[in-house]
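Visitor: Be aware that the sequence shown starts at 1, since it is given in full-length UniProt numbering, and climbs by one per residue.
For each residue, glycine too, the CB sits at the ideal point set by N, CA and C.
Keep in mind that this is a model prediction, so the values were computed, not measured.
Quick one: this structure, given as structure tokens, is what I'll be asking you about.
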Amino acid sequence: MSTSSAIVNADKSPEPVGETLEDGSHTDECTSDLAVKVGSTYDEDDDPKNCRYTTTKSNLWDRLFFGFLTRVVLRGARHQLEAKDLLPLHTLFTAKETAARILRLWNKRHARKRPQNADEETPETDDATLIRPEGTKKSVSMFSVIFVAFWADLLFAAILYFLASFVFLVPPFLIGSLDDFLNKKNPPMTEGLYIVGVLLASQQIFSILRSHTFGTLFNVGIKLKSGLSSAIYQKCLRLSSKSSKEYPTGDIVSLITIDVDIIQWAMIQSNYAWGAPVSVVLTFALIYQYLGVYCLAGALAIVAFTPVIVLMTKIESALQTKHMKKKDQRIEMVTEVFNNVKVIKLYAWENSFMQKIRKLRDQESRLMYIFLGASNAFGFTWNCYPFF
């Protein structure tokens, strides 16, 4: 991450670009359907009636059950999908729109950090690249920019996740009613149908809520990845000769291929940061109703297993770090070969460099297999722990 912050601060010649409407607002004001409800505006082609995944007009079925994917799935079952078989992409998912939104917010925050001296001029901003205007002393947190850019989607996903946490506990809550019904000699059929109906409805509602939760977060992750990749690429095109020497192409490629992916998956898993503790508290509250203070035995078991979890997490993190470093080395090597291909061809060094790259690739693959194997083993251990 130090490389990314350093590249942001490198000098270059700004050339403002971007599309602005007649009222002065940009075309990237909206983030989702929820943003429309809180005051944002869409273009005519991006009105709220459009599906938030494609430009196709959507109905209730498409919005709840992702019905717009039915045709694509059926075609994929018959033959291999091609680009023409896919639905038209919504403009809000394009790199142009997401990058413009991120850069606009980035520049607004830099503009607020104007010099304290009133006689000094306000620093100029650049709508095209991640440029820190001259005169600004403090850096802007990219986390705050990302949050403001996608706060509506994140709030929508958080609400769905919170509701899903309660709906998930409906079947365990009905265990007592189901047990009483089975123990009755002549139970009324309507009572049994009621219990079964509630169980079925709760599972369906939970599935819908979780699907839209992760669907929304995946959308945010994709938008964020395309926007940051586009912004970094634009930044690279404006690096000065001095900055280009300080930051090798391999490091810049690593930002796009590795660091941006990490940010994307962190955004997808963001709900677990607060949702996991909430789920644990709700679960223990439900167990307490049936077992009383004996449920504390389960809590003590989890606390006793915590050191093992910490150890597994450290091992998994160390393996992932080694894999990422080896991947960085391979990308840097490949990039340097492409940049100096004429010299390599002149001295007939192709085989030597191919062997080095192949060796790095083999080491990277071996570390990846070890990392995936360890992740699966740790997941299996965690899932089997309650049975012991």
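Are the CB atoms of Pro171 and Ser202 within a distance shorter than 8 Å?
Guide: As a position in the sequence shown, residue 202 is number 202, starting the count at 1. As a position in the sequence shown, residue 171 is number 171, starting the count at 1. Yes. Within cutoff.
Visitor: Report the option in Gln289, Leu174 and Val145 whose CA atom is closest to the CA atom of Thr98.
Guide: Here the question's residue 98 lines up with position 98 in the sequence shown. The candidate whose alpha carbon is nearest that of Thr98 is Val145.
Visitor: Please classify Leu89: does DSSP put it in a helix, a strand, or coil?
Guide: Position 89 of the sequence shown, counted from the first residue, corresponds to residue 89. Three-state DSSP puts Leu89 in a strand.
Visitor: Which of the three DSSP states is assigned to residue 393 in this structure?
Guide: No statement about residue 393 is possible, as the shown extent of the chain runs from 1 to 388 and does not include it.
Visitor: Starting from Ser177, trace the alpha helix (DSSP H) both ways and give me its first and last residue.
Guide: Stepping through the sequence shown from its first residue, residue 177 is reached at position 177. Unbroken alpha helix (DSSP H) run through Ser177: Ile175 to Asn183.
Visitor: Between the beta-carbon of Ser207 and the beta-carbon of Gly275, is there less than 8 Å?
Guide: Taking the first residue of the sequence shown as position 1, residue 207 is located at position 207. Taking the first residue of the sequence shown as position 1, residue 275 is located at position 275. Going by C-beta atoms, Ser207 is not nearer than 8 Å to Gly275.
Visitor: Within 10 angstroms of the Cβ of Val140, are there 16 or more other Cβ atoms? Answer buried if so, exposed if not.
Guide: Position 140 of the sequence shown, counted from the start, is the residue given in the question as residue 140. Buried, since its Cβ has 16 or more Cβ neighbours within 10 Å.
Visitor: Report yes or no: do the region 369-376 and the region 316-328 share at least 3 C-beta pairs separated by less than 8 Å?
Guide: In short, these stretches touch, since the Cβ pair count reaches three.
Visitor: Kindly list the residues whose CB is nearer than 7 Å to the CB of Val220, restricted to its own chain and excluding five residues on each side of it in sequence; keep chain order.
Guide: Stepping through the sequence shown from its first residue, residue 220 is reached at position 220. Closer than 7 Å at Cβ, skipping near neighbours: Phe150, Asp153, Leu154 and Met267.
Visitor: If you follow the alpha helix (DSSP H) that His79 is in, where does it begin and where does it stop?
Guide: On the sequence shown, residue 79 is found 79 positions in, with the first residue counted as 1. It is not in any alpha helix (DSSP H) - His79 carries neither H nor E in the DSSP assignment.
Visitor: So what does DSSP say about Arg330, is it helix, strand or coil?
Guide: One-based indexing of the sequence shown puts residue 330 at position 330. Looking at Arg330 - three-state DSSP - the assignment turns out to be helix.
Visitor: Tell me whether Trp106 is buried or exposed, calling it buried when 16 or more other Cβ atoms sit within 10 Å of its Cβ.
Guide: Counting from one through the sequence shown, the residue named residue 106 turns up at place 106. Buried is the call here.
Visitor: Under 7 Å Cβ to Cβ from Thr190, same chain only, skipping five residues before and after it: list those, please.
Guide: Residue mapping note: residue 190 aligns to position 190 of the sequence shown, counting from 1. The answer is none, since no qualifying residue turns up.
Visitor: Kindly indicate the opening and closing residues of the alpha helix (DSSP H) around Lys223.
Guide: The residue given as residue 223 occupies position 223 in the sequence shown. Met189 to Leu237 is the extent of the alpha helix (DSSP H) around Lys223.
Visitor: Compute the Euclidean distance between the alpha carbons of Ile252 and Lys96, then round it to the nearest angstrom.
Guide: Translated into positions along the sequence shown, residue 252 becomes position 252. Translated into positions along the sequence shown, residue 96 becomes position 96. Their Cα atoms are separated by approximately 20 Å.
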